[in-house]
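One structure is given here, and the rest of the page talks about it.
Number of protein chains: 2
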Amino acid sequence: MKSQLKSFIEVDKNSDFPIQNLPYGVFSTLPEKRRRIGVALGEWVIDLAVLEENGFLKIQDGESYFNQPTLNKFIESGKSNWSKIRAELQALLSSETTTLRDNHELRSKVFLKQTEVILHLPVHISGYTDFYSSKEHATNVGSMFRDPKNALLANWSELPVGYNGRASSVVLSGTDIVRPSGQIKLPESERPVFSACRKLDFELETGFIVGRSNALGEPVPIEIAWDHIFGMVLFNDWSARDIQQWEYVPLGPFNAKTFASSISPWIVTLEALEPFKTSSPVQHPKPLAYLQEDHHNNSYDIHLSVEIQAEGQPQTDIICQTNFRHMYWSMAQQLTHHTISGCNLQVGDLMGSGTISGPTPDSYGSLLELTWNTTKPLTLSNGQQRGFLEDGDTLTIKGYCEKEGLRIGFGEVSGKILPAIQFEFSE
Amino acid sequence: MKSQLKSFIEVDKNSDFPIQNLPYGVFSTLPEKRRRIGVALGEWVIDLAVLEENGFLKIQDGESYFNQPTLNKFIESGKSNWSKIRAELQALLSSETTTLRDNHELRSKVFLKQTEVILHLPVHISGYTDFYSSKEHATNVGSMFRDPKNALLANWSELPVGYNGRASSVVLSGTDIVRPSGQIKLPESERPVFSACRKLDFELETGFIVGRSNALGEPVPIEIAWDHIFGMVLFNDWSARDIQQWEYVPLGPFNAKTFASSISPWIVTLEALEPFKTSSPVQHPKPLAYLQEDHHNNSYDIHLSVEIQAEGQPQTDIICQTNFRHMYWSMAQQLTHHTISGCNLQVGDLMGSGTISGPTPDSYGSLLELTWNTTKPLTLSNGQQRGFLEDGDTLTIKGYCEKEGLRIGFGEVSGKILPAIQFEFSE
Chain A
1 MKSQLKSFIE VDKNSDFPIQ NLPYGVFSTL PEKRRRIGVA LGEWVIDLAV
51 LEENGFLKIQ DGESYFNQPT LNKFIESGKS NWSKIRAELQ ALLSSETTTL
101 RDNHELRSKV FLKQTEVILH LPVHISGYTD FYSSKEHATN VGSMFRDPKN
151 ALLANWSELP VGYNGRASSV VLSGTDIVRP SGQIKLPESE RPVFSACRKL
201 DFELETGFIV GRSNALGEPV PIEIAWDHIF GMVLFNDWSA RDIQQWEYVP
251 LGPFNAKTFA SSISPWIVTL EALEPFKTSS PVQHPKPLAY LQEDHHNNSY
301 DIHLSVEIQA EGQPQTDIIC QTNFRHMYWS MAQQLTHHTI SGCNLQVGDL
351 MGSGTISGPT PDSYGSLLEL TWNTTKPLTL SNGQQRGFLE DGDTLTIKGY
401 CEKEGLRIGF GEVSGKILPA IQFEFSE
Chain B
1 MKSQLKSFIE VDKNSDFPIQ NLPYGVFSTL PEKRRRIGVA LGEWVIDLAV
51 LEENGFLKIQ DGESYFNQPT LNKFIESGKS NWSKIRAELQ ALLSSETTTL
101 RDNHELRSKV FLKQTEVILH LPVHISGYTD FYSSKEHATN VGSMFRDPKN
151 ALLANWSELP VGYNGRASSV VLSGTDIVRP SGQIKLPESE RPVFSACRKL
201 DFELETGFIV GRSNALGEPV PIEIAWDHIF GMVLFNDWSA RDIQQWEYVP
251 LGPFNAKTFA SSISPWIVTL EALEPFKTSS PVQHPKPLAY LQEDHHNNSY
301 DIHLSVEIQA EGQPQTDIIC QTNFRHMYWS MAQQLTHHTI SGCNLQVGDL
351 MGSGTISGPT PDSYGSLLEL TWNTTKPLTL SNGQQRGFLE DGDTLTIKGY
401 CEKEGLRIGF GEVSGKILPA IQFEFSE
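These protein sequences, in sequence, are chains A and B.
First residue of the first sequence? That's 1 in UniProt numbering, and the numbers climb one at a time after it.
First residue of the second sequence? That's 1 in UniProt numbering, and the numbers climb one at a time after it.
Written as structure tokens, this is what we have:
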């Protein structure tokens, strides 16, 4: 059993990062600042650049894949190398292997405390696309803003609806989020006003990282779409609901989203997630041929939760618990649909799942849904109420898989809301 | 007078590229393939990498800005360097300056025939955004698909509506365009079908290239927005109208656009366009303060035309003639709006104007409008009719400014339609 594999490094049983996980990230240390690749193991980061310098993890002679500021080069090296490096790392870190275990000089260079490194965006993200693939989320939004009886638009059940996002404003977990300002249309006035966002929201999402490029004009058939995915992260698609409501017709969300989107630092590979494969919902109607896939085995059982902590308060409240398995459209369906008209995806592209809402009110993945657009405000354990996010709030999304004593976690993606910029002009 | 400036190189009076223009591009030559920076002068490309190697065009000691595969590094060097290099080039190329004129060995290395080089994308485009800033275009589309009496949506007059496009599929003029396939909803059937696009269209646009980055959370005030623009190109935002109509609610166009967008190879700088500054339409209502700008001097008088040539036919038909000056929202307004919620733009980002339609039916910038969604098909001079683009059609957009004997042109952006991929599955 893979779950019997143990490292010579002690890993707490509640850690997200056992030897069966080994998620990839990018880190640096002071004062040197050089960015390089690491994997997480328990409380440690393993410096793959050092291992590589010492003759391990060889992919191609004379080429460095881990003394790199992003994972893109390693990911581009191909799926067989992802497997090979994972297997070599698991062997090296195993309690049964002496090579690294008994080489104390090397160990002192290879292992760094996670608390003592600075994490960075793990990939260079050329393109970022966000989908809208939770039926519960789309139904909730449609019920609120359109018609509860016809909440889903006609195209929703036929294709994974998505849109191009803004890659430059994808930031790492821990980055503060400045409350955006923009045009807001209030019901009582004829014209919009310029204002700080009054309905700042999170969106609980996951994202996948494209692992293999396709050329322009060459769609990726669904049969091989999974081979084009490197791994997954947690993702918070911060949303300014009031800006969005005014701007989004007819070309979609823009300034309501482009101010920031946050990802977790560690990319969990599909190989690490393999034991947690599960079914996705049965699709009615049966999708068109190019999107058809066996639904028994095309999702993952990932527990997801959202916590909020108000400024200066010790309490943290869990405001949502849901699961990735509720997603209607699979990641393979998203990827294939994205390329079907010929669009070229690139290694490192980030594909957001869309807000992941479950079937019950405590499993909704946004404040818009949790408070039903402020009509049912949440009461936090400190007595404060929340319709949307307040300045000083820290919002954290966590995620993990767990089965038979094996836990494969994502860590977290977190961000704190800072007050809006004070502009000099006034209306 | 600047227009009196003459080069020692003979330039035809109808050329787009006199010494007053000097647009920037990237080229290579066989067999070497090294990409480097050039400017166009008449029928020639001037190899700036060779000039730099020979001690000219110095920006910073020990740094090469022109022996580069894209213009990004030069653009990042800043606006004062754009002016300095332009002035130095104009002086070097002047008929009155002997330095280059009389150095025949250097001249033989510096001047290459445009017909003998391969042109490439001039910039690395990190982000591509498309606006929707022609009132005539938005009115036409709204009249066709919504309500002629309320053709413009309420937000259109308040902000430059835009959306994030897909940067990876921006291609250079001359790249063939494979007809995309995807989901199409026909009126007679309940469900969509998978089909090659039946309503393939062009969109006559210009684009501007961002010349200066802004940090995340730091909007660019409109007073300095022009300083963040390096120059302009011609742009064709190919559009699959039938795919778009089915997919675009509620998150905007996606596969209908991401299969390809074409730009012209030469970036014409704002400095070269300066003599052609003109007014844009008066804006009613007066925009909110953050978008306010003097409209007398915030547009350019650029003649634009569209030509179509059917496969194997000698005739070319001009199907549209319009002018950039019709655009309602200025490039500065677009840029400032894009950043107002905090979005960070990056050097090399491409910002499409949106389809540029004029007030008369022969000035509409798309076949959708020119044929009023096929209800008024065009008859070409060879007798063929066109509702939308046919396989084998070559579509070319041209643009130039002209005044008092001075012509500053953009060259062209062109693309030929290839048949759709034959997919193996069928519905």
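C-beta atoms are modelled at their ideal positions from N, C-alpha and C, and glycine is treated no differently.
Identify every residue that forms a DSSP beta bridge with residue i.
i	result
residue 240 (chain A)	A:200
residue 44 (chain A)	A:41, A:113
residue 207 (chain A)	A:233, A:352
residue 407 (chain B)	B:402
residue 305 (chain B)	B:321, B:398
residue 388 (chain A)	Its beta-bridge partners do not exist; DSSP assigns none.
residue 130 (chain A)	A:163, A:352
residue 418 (chain B)	B:178
residue 277 (chain A)	A:300
residue 269 (chain B)	B:231
residue 27 (chain B)	B:36, B:119
residue 7 (chain B)	B:94
residue 195 (chain A)	A:182
residue 413 (chain A)	A:397
residue 378 (chain B)	B:386
At which residues does the alpha helix (DSSP H) containing residue i begin and terminate?
i	result
residue 333 (chain A)	331 to 339
residue 92 (chain A)	79 to 93
residue 101 (chain A)	98 to 101
residue 120 (chain B)	No alpha helix (DSSP H) holds residue 120 (chain B); the beta strand (DSSP E) holding it covers 118 to 120.
residue 141 (chain A)	135 to 145
residue 369 (chain B)	367 to 370
What is the C-beta distance between residue i and residue j, in whole angstroms, given that I count them as a contact (C-beta under 8 Å)?
i	j	result
residue 228 (chain A)	residue 291 (chain A)	Going by Cβ atoms, the distance from residue 228 (chain A) to residue 291 (chain A) rounds to 15 Å, so no, they are not a contact pair.
residue 268 (chain A)	residue 232 (chain A)	5 Å
residue 237 (chain B)	residue 197 (chain B)	The pair is not a contact, with the Cβ atoms about 14 Å apart (cut-off 8 Å).
residue 15 (chain B)	residue 94 (chain B)	About 17 Å separates the two Cβ atoms, so there is no contact after all.
residue 127 (chain A)	residue 168 (chain B)	5 Å
residue 303 (chain B)	residue 399 (chain B)	7 Å
Measuring CB to CB, does residue i end up less than 8 Å from residue j?
i	j	result
residue 118 (chain A)	residue 27 (chain A)	yes
residue 36 (chain A)	residue 60 (chain A)	no
residue 410 (chain B)	residue 264 (chain B)	yes
residue 253 (chain B)	residue 163 (chain B)	yes
residue 397 (chain B)	residue 272 (chain B)	no
residue 38 (chain A)	residue 47 (chain A)	yes
residue 420 (chain B)	residue 179 (chain B)	yes
residue 412 (chain A)	residue 173 (chain A)	yes
residue 418 (chain A)	residue 177 (chain A)	yes
residue 341 (chain A)	residue 293 (chain A)	no
residue 262 (chain B)	residue 123 (chain B)	no
residue 226 (chain B)	residue 23 (chain B)	no
residue 199 (chain B)	residue 192 (chain B)	no
residue 213 (chain B)	residue 346 (chain B)	yes
residue 344 (chain B)	residue 216 (chain B)	yes
residue 144 (chain A)	residue 382 (chain A)	no
residue 288 (chain A)	residue 423 (chain B)	no
Would residue i pass as an interface residue toward chain D - the criterion being a Cβ-Cβ separation below 8 Å?
i	result
residue 316 (chain A)	Of the chains in the structure shown, none is chain D; the protein chains are A and B.
Starting from residue i, trace the beta strand (DSSP E) both ways and give me its first and last residue.
i	result
residue 74 (chain A)	Where residue 74 (chain A) is concerned, there is no enclosing beta strand (DSSP E), although the alpha helix (DSSP H) it sits in stretches over 72 to 76.
residue 172 (chain B)	170 to 172
residue 263 (chain A)	261 to 263
- Should the segment 308 to 322 of chain B be called in touch with the segment 94 to 113 of chain B, which here means at least 3 C-beta pairs below 8 Å? Taking a contact to require three or more Cβ pairs closer than 8 Å, the segment 308 to 322 of chain B and the segment 94 to 113 of chain B do not qualify as touching.
- Segment contact, 8 Å Cβ cut-off, at least three pairs: the segment 242 to 249 of chain A with the segment 139 to 157 of chain B: Judged by Cβ distances under 8 Å, the segment 242 to 249 of chain A makes contact with the segment 139 to 157 of chain B, as three or more pairs qualify.
- Query: Are there three or more Cβ pairs, one per stretch, closer than 8 Å when the segment 13 to 22 of chain B is compared with the segment 36 to 48 of chain B?
  - Reply: Because the criterion of three Cβ pairs below 8 Å is met, the segment 13 to 22 of chain B and the segment 36 to 48 of chain B touch.
- Item | Cβ pair count under 8 Å reaching 3, the segment 126 to 142 of chain A against the segment 347 to 357 of chain A | Short answer: they touch.
- the segment 295 to 305 of chain B contacting the segment 105 to 114 of chain B, beta-carbon criterion three pairs below 8 Å: The segment 295 to 305 of chain B and the segment 105 to 114 of chain B do not touch, with fewer than 3 CB-CB distances between them shorter than 8 Å.
- Message: For the pair the segment 137 to 145 of chain A and the segment 353 to 372 of chain A, tell me if three or more CB-CB distances fall below 8 Å.
- Response: Contact between the segment 137 to 145 of chain A and the segment 353 to 372 of chain A is present, because at least three Cβ pairs lie under 8 Å.
- Message: Quick test of the definition: if touching needs 3 or more C-beta pairs under 8 Å, does the segment 388 to 396 of chain B touch the segment 303 to 311 of chain B?
- Response: With the rule of 3 Cβ pairs closer than 8 Å, the segment 388 to 396 of chain B counts as touching the segment 303 to 311 of chain B.
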